[in-house]
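Here is the structure we will look at.
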Amino acid sequence: MPTRRSLLWGASLIALATTALLAGCARLRQTPPAATVVRVPDAVHSEWIPADPQAQGLDPAALAQVLDDGAKVPALRALLVVRNGLLLGERYYGGATADDLQPLNSVTKSVTSLLAGQALARGTINGSGATVAALLPEDVARVPNSRAAKVTLAQILSGHTGLQYDWLAQYDELESTPDLIRMALKLPAATDPTAWSYNDPAIALVSPMLARAEGQDLARLAERDLFAPLGIERYSWRRDRSGRTSSHVGLALRPRDLMKIVWTMADAGAWQGRPVVPREWVADSTRSQSPASWRVAPVSDIGYGYLWFTGRIDGQPIIWGWGYGGQFALWAPALRLAVVTAAESPPPEQVGVQTQAIMALVARVVRAAR
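Using the numbering used here, the letters of the sequence shown map in sequence onto residues 46 to 415.
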């Protein structure tokens, strides 16, 4: 029987392995290609209404301490707290301001999930069971015997493509390839095709899928169907080397605007009473499809829906988008509480510590709710 010491040692090894995997991509994520700041036409201006935390059932002293302690995390740039649709806390660090666009890193994937759900609801994509071959027939024809051809949209969104991708070894290729679609279509079969796997090239296929189905680039879709309705007036979104908007990484927003997206999800797809994201997609995409192999304390029971993570903090269910270095877009449905963080990408040796420190702050906010 394993001892308590051996169990703790084993858990530490798992955490270190996850940290090492994340750290390996740090150097590569430090300097993404530049993206132009875009102003969104027809955006309906809206801002958050501040409110007293105590009146909304949030311990004001505990919240104030969390906001102060955020300054102890050197790379943290923003921490926002919303409950019941009201802004209860907001702090910026390291010279950042409320107007700065902050990189979302892989929270970009969660935004892509919303756009996919809208396309499915409109019927421009014929169900989440549609295959890569059906959605990108011309591209698949260029890569005979592609393993990816039979992969479905649902499998891409849930991390069950059955395709092999080592992001520690292949991220340089991901960033430099002139043909990201071809790279994804040439991925070999994974050793265990049923296991959850974080696969950037596969998720990058969602951008051309949506563009082909809708007749518009991903960024234009986001402007029309998400940013304008939410009053998101500025953003930047990097493109791959073929000029296509990236669906797996590269979006930058003001933290207040990211919070609009989070609160829309928390409010069953509605923003200020107006439906924006289909209610059914909110439920489907935030339902865990399987356990995820990533870990960050104190979150337990970590799972993965459709480009959203799920888990629990002290038994309280949470859902969140997770970006490299501690970008979190999180809400606790039962508490009607949401937290957004923004952070600079850390050097490799600090990624695990930084991610842990920021999630610890988020957990303290969740615990302050009653």
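Here a beta-carbon is modelled for each residue, glycine too, at the ideal position from N, C-alpha and C. Just so it is clear, the structure is predicted and the values come from calculations on it, not from any experiment.
So with Cβ pairs under 7 Å, would you call residue i a contact of chain C?
{"i": "Trp376", "result": "Reference to chain C is not applicable here, since this structure consists of a single protein chain."}
Mind checking who residue i pairs with in its DSSP beta bridge?
{"i": "Leu160", "result": "According to DSSP, Leu160 bridges with nothing at all."}
{"i": "Phe373", "result": "Trp367 and Thr386"}
{"i": "Tyr137", "result": "Ala123"}
{"i": "Gly288", "result": "Looking at the DSSP assignment, Gly288 forms no beta bridge with any residue, so it has no partner."}
{"i": "Thr355", "result": "Gly348 and Ile364"}
{"i": "Val83", "result": "Tyr280"}
{"i": "Ser151", "result": "Beta-bridge pairing links Ser151 to no other residue."}
{"i": "Ala297", "result": "Pro148 and Ser281"}
{"i": "Arg319", "result": "Trp316"}
{"i": "Ser335", "result": "Tyr349"}
{"i": "Pro343", "result": "Beta-bridge pairing links Pro343 to no other residue."}
{"i": "Pro95", "result": "Leu132"}
{"i": "Leu45", "result": "Shown here, the chain extends from 46 to 415; a query on residue 45 therefore has no answer."}
{"i": "Thr176", "result": "Thr197"}
Checking 7 Å against the spacing of the C-beta atoms, do residue i and residue j come in under that value?
{"i": "Lys117", "j": "Leu352", "result": "no"}
{"i": "Leu108", "j": "Gly130", "result": "no"}
{"i": "Gln361", "j": "Val152", "result": "no"}
{"i": "Ser330", "j": "Gly356", "result": "no"}
{"i": "Ile364", "j": "His293", "result": "no"}
{"i": "Val188", "j": "Leu230", "result": "yes"}
{"i": "Ala414", "j": "Leu382", "result": "yes"}
{"i": "Gly115", "j": "Leu406", "result": "yes"}
{"i": "Leu232", "j": "Tyr210", "result": "yes"}
{"i": "Pro300", "j": "Leu103", "result": "no"}
{"i": "Ala311", "j": "Trp376", "result": "yes"}
By Cβ distance below 7 Å, which residues in the same chain neighbour residue i in space, the five residues on each side in sequence not counted?
{"i": "Ala164", "result": "Ile170, Leu255, Ala258 and Glu259"}
{"i": "Ser333", "result": "Gly348, Tyr349, Gly350 and Thr355"}
{"i": "Ser221", "result": "none"}
{"i": "Ile94", "result": "Leu131 and Leu132"}
{"i": "Leu266", "result": "Leu160, Leu255 and Glu259"}
{"i": "Leu66", "result": "Only weak support exists for where Leu66 lies, its pLDDT of 40 falling under 50; the coordinates are left without a value."}
Looking only at its own chain, which residues have a Cβ that is under 6 Å from the Cβ of residue i, when we skip the five neighbours before and after it?
{"i": "His90", "result": "Gly276"}
{"i": "Ala120", "result": "Ala388, Glu389, Pro391 and Gln399"}
{"i": "Pro336", "result": "Gly348"}
{"i": "Asp302", "result": "Ile277"}
{"i": "Gly368", "result": "Leu149, Asn150, Ser151 and Val152"}
{"i": "Ala194", "result": "Val177, Ala178 and Val185"}
{"i": "Asp346", "result": "Gly356 and Arg357"}
{"i": "Gln395", "result": "none"}
{"i": "Leu488", "result": "With the chain covering only 46 through 415, there is no way to say anything about residue 488."}
{"i": "Pro105", "result": "Pro98 and Gln99"}
For residue i, tell me which candidate among the options has the shortest Cα-Cα distance.
{"i": "Arg289", "options": "Pro223, Val407 and Ile363", "result": "Pro223"}
{"i": "Val385", "options": "Val396, Val410 and Gly397", "result": "Val410"}
{"i": "Leu250", "options": "Phe354, Asp217 and Leu198", "result": "Leu198"}
{"i": "Ala178", "options": "Ala374, Asp346, Pro253 and Arg286", "result": "Pro253"}
{"i": "Arg128", "options": "Ala273, Gly397, Val396 and Ala379", "result": "Ala379"}
{"i": "Trp241", "options": "Leu208, Gly139 and Ala402", "result": "Leu208"}
{"i": "Tyr243", "options": "Ser287, Trp339 and Glu218", "result": "Trp339"}
{"i": "Gln317", "options": "Leu266, Glu92, Val85 and Trp212", "result": "Glu92"}
{"i": "Ser287", "options": "Leu225, Asp312, Asp245 and Pro274", "result": "Leu225"}
{"i": "Leu271", "options": "Ala161, Glu183 and Gly397", "result": "Ala161"}
{"i": "Ile87", "options": "Gly397, Ala166, Gln401 and Ala273", "result": "The amino acid at residue 87 is misidentified as Ile; the sequence shows Asp. Comparing Cα-Cα distances from Asp87 to each of Gly397, Ala166, Gln401 and Ala273, the minimum goes to Ala273."}
{"i": "Arg136", "options": "Ala402, Val111 and Ala166", "result": "Val111"}
{"i": "Pro182", "options": "Ala96, Arg227 and Asp285", "result": "Arg227"}
{"i": "Pro246", "options": "Asp285, Asp262 and Gln261", "result": "Asp285"}
With a CB to CB cut of under 8 Å and the five nearest residues on each side skipped, what residues in its chain are close to residue i?
{"i": "Val83", "result": "Ala264, Glu268, Arg279, Tyr280, Ser281 and Trp282"}
{"i": "Ala141", "result": "Arg122, Ala123, Gln147 and Ala387"}
{"i": "Val344", "result": "Gly356, Arg357, Ile358, Ile363, Met404 and Ala408"}
{"i": "Gly174", "result": "Thr197, Leu198 and Ala199"}
{"i": "Ile59", "result": "Residue confidence is low: Ile59 scores 38 on pLDDT, short of 50, so the model does not pin down where it sits. Its coordinate-derived value is still stated next. Within the same chain, Ile59 has close Cβ partners Arg340."}
{"i": "Gly314", "result": "Pro320, Val321, Val322, Pro323, Arg324, Trp326 and Val327"}
{"i": "Gly139", "result": "Pro119, Ala120, Leu121, Arg122 and Glu389"}
{"i": "Arg412", "result": "Ala107, Ile358 and Asp359"}
Regarding residue i and the ligand MG, is the C-beta to nearest heavy atom distance less than 6 Å?
{"i": "Asp145", "result": "In the structure shown, the ligand MG is absent, as is every other ligand, since no ligand is present at all."}
Open item on the list: Across the stretch 143-154 and the stretch 226-240, are there enough close Cβ pairs to call them in contact, namely three or more that are closer than 8 Å?
Closed with: No, because fewer than three Cβ pairs between the stretch 143-154 and the stretch 226-240 fall closer than 8 Å, the two stretches do not touch.
Open item on the list: Below 8 Å, how does it come out for the stretch 193-204 and the stretch 300-308: are there three or more Cβ pairs, yes or no?
Closed with: no
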